[in-house]
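In full-length UniProt numbering, the protein residues as written are 1 to 197.
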């Protein structure tokens, strides 16, 4: 469906007037060129597809402003594709740099003691904890994050030590299942308190 380049100006204008057929013709003619440039600059197929999408939307919006005296449609689209690709690469680089700086700041802000869970893992854990029955949740939280041993919790709650141990064990099993369901891998490690029982 190749048309002479001169005819593509008419196709571009028809596309800007809302012709789906014209858009299809225009896209079919120039998409390989735009995609090739975007892929070469970004080195990433998904990024290149996004660039391609952006370029054709821009052509649809600004097609009437295209000036044949300044170059061919192919050249106009090629410049646009390269520019959009470079913008994306700069934005991606800024994001990577910002993330690295944030991680660095977080690393500096963390205390020197062993931090078991990252912020994301903590959020996953809290969500999973909310799904546990009350007694299991209380026993797990008390056992891992509280001040009391399981023996002390048994005395405080006036229940046998075996019951507290069962609540913790069942709670951990349910917690593990919830985390697996969410795709998380975080799970509480045995604390010194639990080891003391």
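Beta carbons are placed, not taken as given, at the ideal position from N, Cα and C, and that holds for glycine.
Buried/exposed call for residue i, threshold 16 Cβ in 10 Å
i           : result
residue 125 : buried
residue 136 : buried
residue 20  : exposed
residue 63  : buried
residue 46  : exposed
residue 202 : Here the chain comprises residues numbered 1 to 197, so residue 202 is not present and cannot be evaluated.
residue 18  : exposed
C-beta neighbour in chain C for residue i, strict 7 angstroms
i          : result
residue 34 : The structure shown contains no chain C; it holds only a single protein chain.
Neighbourhood of residue i by C-beta, 7 angstroms cutoff - its chain only, sequence neighbours within 5 removed
i           : result
residue 177 : none
residue 86  : 41
6 angstroms Cβ shell around residue i - same chain, five flanking residues per side excluded
i           : result
residue 130 : none
Helix, strand or coil at residue i according to DSSP, with G and I counted as helix
i           : result
residue 19  : coil
residue 12  : helix
residue 47  : helix
residue 159 : coil
residue 171 : helix
residue 146 : coil
residue 182 : coil
residue 126 : helix
Residues near residue i by beta carbon distance below 8 angstroms, same chain, minus five either side
i           : result
residue 163 : 154
> Curious, which full-length alpha helix (DSSP H) runs of at least 4 residues does the UniProt domain "RNA polymerase sigma-70 region 2" (26-94) contain?
Replying inline: 45-62
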